[in-house]
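Q:
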Amino acid sequence: MHICISEYTRSRLQASQAFGRYKCVMPSKSSSSMLDSAHTENVDFSVCMRGPTSDSGLDVKRLANFFSTLYSYSTCWTASSVYFLRYITTSIQQRKATSYFLFPGNSDSCLVLSPINRWPQKSGWSFNCWCFIETNNEGSNLLYSFLNKDGLGFTAHVEKNVLILTIIRLQGKGIQYRVPADILYGQWCMLTVVYVYNRWGSEEIQCFLDGSQISLLDASWHFGSELPLNRCSIGGSLGTSTRGTSFCGLLTNLMGFTVALSPEQIDAIYTLGVEYQGQFVFEAECQRDLSESHRRLLYGGSHLHNNLMFAYIPSACDRNLCLNRAPKCLDVFAHSSHAVMNGDVKSVHRTSATEALHCFGGIQVLYPLFERFDWPISTTRIEGSQDVCPSANLMPMVSTTDCESHDEESIAVILLDLLFTLVRSSPPMGRQLVQTRGLLLLASALRSASVKNLSLLLLSRLIEVARELVSAADLAKSGTFNPGVHMHSSFVFTLLRHLHGYLFCNPDLWIRAPIEVQDQLYQFLAAEFLPNVVRHGCVNRTTTVLQSIYTLKYYYSLTDPRSRSGFQLRTTDHLPLSNPQDVLKLRANLLIYIRQLMIRLGVCLDAEMQALFSYFMTVQEDENLHDVLYLFVTLVVAHPGTVGPAFMRNNGLHVAFKLLTSNDEHNRIYAIKLIGFHLQQSKLSKHSELMERYHLFTMLADRLSQVSETISMLTYNALFEVGSTV
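With the UniProt record's numbering, the residue at position 426 of the sequence shown is 426, and numbering never jumps.
1. Quick check on the burial criterion: 16 or more other C-beta atoms within 10 angstroms. Buried or exposed for T354?
2. Cα-Cα, which of F524, R649, G676 is closest to F657?
3. What do you get for E275, buried or exposed, if any count of 16 or more other CB atoms within 10 angstroms of its CB means buried?
4. Check the DSSP bridge columns for R231 and list the partner residues they point to.
5. Quick one: grab the DSSP three-state call for A97.
6. Taking three-plus beta-carbon pairs below 8 Å as touching, is the region 537-549 in contact with the region 604-612?
7. Check whether the Cβ atoms of S557 and V583 lie closer than 9 Å to each other.
8. In the DSSP assignment, find the beta strand (DSSP E) that holds N342 and state where it starts and stops.
9. Check the DSSP bridge columns for R178 and list the partner residues they point to.
10. Got a sec? Which residues, its chain only, sit under 6 Å from E721 by beta carbon, not counting five neighbours each side?
11. Flag this pair as yes or no: are the beta carbons of Q432 and A526 separated by less than 9 Å?
12. Taking DSSP as the reference, what is the three-state secondary structure of P390?
13. Distance, Cα to Cα, H305 vs D417?
14. Along the alpha helix (DSSP H) that carries Y615, what are the first and last residues, could you check?
15. Helix, strand or coil for S563? Go by DSSP, reduced to three states.
16. When DSSP labels each residue in this structure, what does I711 get in the three-state scheme?
17. Taking its Cβ as the centre, do 16 or more other Cβ atoms sit within 10 Å of N624, making it buried, or is it exposed?
18. Between the alpha carbons of T78 and L458, how many angstroms are there, rounded?
19. Would you identify the three-state DSSP class for S471, choosing helix, strand or coil?
20. Compute the Euclidean distance between the alpha carbons of Q706 and C538, then round it to the nearest angstrom.
21. Give a yes or no on whether the C-beta atoms belonging to Y550 and P507 are separated by under 9 Å.
22. Could you check where the alpha helix (DSSP H) with C359 kicks off and where it finishes?
23. From this set, R447, L441, F420, E516, which residue's C-alpha is nearest H488's C-alpha?
24. How many angstroms separate the CA atom of H695 from the CA atom of L679?
25. Using the DSSP secondary-structure output, state which residues sit across from I116 in a beta bridge.
26. Can you give the Cα-Cα distance for M341 and N117, rounded to whole angstroms?
27. Let me know the secondary structure DSSP gives W510 once reduced to three states.
28. Compare the C-alpha of L659 against each of T642, A638, H639, F632 and name the closest.
29. Quick one, which of F223, A181, Y185, G235 has its alpha-carbon nearest L216's?
30. What do you reckon, are the CB atoms on S237 and N106 nearer than 9 Å?
31. Alpha carbon to alpha carbon, how far is residue 766 from L165?
32. Going by DSSP, which residues form a beta bridge with Q206?
33. Measuring only the C-alpha atoms, how far is Q176 from V162?
34. Contact defined as beta carbons within less than 8 Å: I believe Q681 pairs with G644. What is the distance between those atoms, to the nearest angstrom?
35. Does the distance from the C-beta atom of G566 to that of N540 stay below 9 Å?
36. Comparing C-alpha positions only, which one of S81, Q279, Q93, F370 sits nearest to L422?
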C-alpha cells in the first residue's frame, strides 16, 4: 500500500494556512482503518510535518485529545498511538524555536527599521540572528540591508552555502566578500557577523556559524564620518527586492550590537539556544545550564544588554509592529526604534510539546500509562473507537525507517525514552519527576509487569541516562558547560539518587530479569556507576550496604538455605538461580560494590559491620559464606586501620568463634585469621585477659576438634601465624 502526498515548503505551507487555502491533513476513518490494517506492509502511521515546525500539531488541545483518547482504550495499544508516542519523543528531541518570523520570499516582504542617524563605527558593530532556510531554496537570501539614500552601507545574503558580505562605499560600486559557510539547510543555525574597527591597524570582518568562527577578513569597512542610514531592513530591501533575492525561510532573535562582539561572547550567546527570547538582563530567562564563564559574559560585568542597538523578537509583536526589546534604546535612531513587518512577513507563535504537556499535568500525564506495559499492540482498528488523535495535523506516510528496530522496542522502552526526553528538554519537567518520585512509580510498574519488559535494551537506556546524569553532575560541580549534556543542574543530583535507589538497587525488580541482564547491571554498578555516585554524594552509604548484603542473602544464594539457615529465598520460585557460575559472578560484583562503600573516607561504620556480622551469624551454608568471608578477610588485611576499630567495637571475636564450626576448611582458616587479627589489635590488658582468664588457645583447640580430629597443613600454618602475634 502506497500513499503519495505533495510536499510543500514550510513558508508556503504556513502562508497557505494563514490565508485559509490549506486545511489540516487527516486520514478519514476508513483510510485510517486501511492504514492500521496495512501496518505489516511497511506503512508507518506517523506524524511527518517536516521542518522546524514539525510539532505544530502538538498544541494543548491536540495533545489533550490524544491522551484522552488513549486513556479510553482498556484492552490494548493501537499501532497509531505507539507511533504517535515515538513521534512526540522525536519532536521534543529536535530543539526548535517556539516563535519566529516567517519570510515568504516575496517582493517587499521584509522587516523595516527606523532610520538610524548615527551608525556605530568607532566601536564596531555586530549582527546576530538564528535562521532556517528551506532545503529546496537555492536562491539568494538577503539577510540584512543597512543603506543610506545613496545606496551606501552594508548588506549580507546567503546563496548556496556561501555568505556574501557587501560593503558599498562609493555610489554604484561595492566590494563583495564571499565566505564559505557550511549552513545545514532545513535546520536552525546561528549566524553572526562582526565588524571590528582598529584605529591603528587594519579593520576586520569576522563571521561565525553556530558560535564557531568560520572566517576572518581584512576589510576596510569604516566610512570615516558619521553614516546616517535611512534604508534599513532585515530579510529584504524595500523597492528593490524581487522573488529569489528576499529571504525565504524563518528568522528569529534578530539582534544588533553597537560593539564588536568577542568570540567568547558569541559562543556564550549560542549556548542559550534558539528558544531563548530574552534581553541578556535576567538569568532566569534562560532554561539551560550555563558555565561560570558564560554566565559572567552574558549577565556579569560585561553588561551585554547595554550594547544592544536593537533586538527584534517574534513574541514582542503587535500586528505588523515589532517592538525593540533592547533594554536601553540607544540614541541612534531618528525616532522610534521599533520595526514594521512589511509585505507578507508574519510572526508565528506556537506551543512546544513540553509546554503543551505542562498545561494539563506535565510529566504526570505519563504515569497512568505505566500500568499498560503488558498490553498488546493491535494492528487492526478497534470497533467503536475514535482516531488516536482526531484533531491533530497527522499525515500517513510510507515509512523509511528501520521497522525491525522499532519492533524490538517494548512499550516500557518507548515510554522511558519519552520520559527522559521531557526531562532533558524542560527543567520544570525534571523537577516534577523528582518531586513526584516518578522513578519509584516506574520501578513499581516494571515490578508488576511481565519479565519481557526487563530487557537488555531497557537496561542500556537506563545506563545511558545514568551516564548522562553523572556527566551533568560533573559539569555542575566544576561550573563548566558541555552542549551535549542537556540535564539541568537544579535536579540532577536528586534524580541521580532516585535512579540509584529506586531502579538500580532494586533486587526485587531485577531478580526476574534474564541472567545476562542482571550480570550487565551489577558489572555497571560495581565498575562504573558506584564510584561516580559516591563522588557526588548521591548514595546513602549505610542503607546501600545493608541493601546489598540483604540482596546477597535473599536473592543470590548458591544453595537453598531453608534446611539449615531456616529462611526462604525471595526469588520467583524460592529456589537458587539455576547456574551457580552465573550466581558467583553476580555475587562477585556485589561484593566489589560492598567493599567500595565500606572503606569510603577511611571509616568503617558500626551499622555496616553489624550487618556483615549478622550475615555470618545467620547463614549456615558454607557455599554462601565463603566469598563473603574472603571479602571481609581481605578488607581486614588491606585496611586494618579502617576495619580494625569497628571489628573490635562490635565483638568480632564472637563471630570468628562461630565460624570455627564450619565444615569448610577454608572458612575455618579465615576464622583463625580473624582471631589473629583480634589479638593483634587488642591492647595489652585485653590480650592478657584473653590468654590468662579465658584460655583463648584452649577454646580454639576445642572448637577445631569438634569439626575434625586431625589438623591439615593449611590449618597448621594459620595457627602458626596466630601464635606469632602473641
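Just so you know, even glycine gets a beta-carbon here, dropped at the ideal spot from N, CA and C.
A: According to the structure data:
1. buried
2. G676
3. buried
4. L147
5. coil
6. yes
7. yes
8. 339-342
9. I164
10. G676
11. no
12. At P390 the pLDDT is 40, less than 50, meaning the model places this residue with poor confidence; the figure from the coordinates comes in the next sentence. Three-state DSSP puts P390 in coil, outside helix and strand.
13. 38 Å
14. 606-618
15. coil
16. coil
17. buried
18. 21 Å
19. helix
20. 48 Å
21. yes
22. 353-359
23. F420
24. 13 Å
25. L229, F333
26. 21 Å
27. helix
28. F632
29. A181
30. no
31. Outside the modelled stretch of the chain, which goes from 1 to 726, sits residue 766, for which no answer is possible.
32. V194, L216
33. 12 Å
34. 5 Å
35. no
36. Q93
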